[in-house]
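Numbering-wise, the numbering used here puts 35 at position 14 of the sequence shown, and it's gapless, one number per residue.
From the three backbone atoms N, C-alpha and C, an ideal C-beta is built for every residue, glycine too.
Source: prediction; values computed, not measured.
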Amino acid sequence: MEIKIYGTGCKNCVKLTENAEKAVEELGIEAEVKKVEDMKDIVEAGVMSTPGLGIDGEVKVKGRVPDVEEIKELIS
């Protein structure tokens, strides 16, 4: 599984990365949490408001920081 965090390093992007990593840890699954910071790549993914969360190539959340429980639901 690949989880992408779309954002340029803002505090919400950092928080989303932390929440995603914690969700992966709590679920005990194999997943790579990858940061996408290049604006061209962010826009091409359709994320116009950061942060964004992508799971296996599909953007699930744009413009907000879901909590750990919501991310766990999105992964499942």
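{"Query": "Where do the N-terminal and C-terminal ends of the alpha helix (DSSP H) with Val68 fall, by residue?", "Result": "Neither: Val68 is in no alpha helix (DSSP H) and is coded neither H nor E."}
{"Query": "Label Ile50 either buried or exposed according to how many other C-beta atoms from any shown protein chain fall within 10 Å of its C-beta, with 16 as the threshold for buried.", "Result": "exposed"}
{"Query": "Are the Cβ atoms of Asn40 and Ile96 separated by less than 8 Å?", "Result": "no"}
{"Query": "Got a sec? Which residues, its chain only, sit under 7 Å from Lys36 by beta carbon, not counting five neighbours each side?", "Result": "Val86"}
{"Query": "Counting only the same chain and skipping the five closest in sequence on each side, list residues whose C-beta sits under 7 Å from that of Lys81.", "Result": "Leu74, Gly75, Leu95"}
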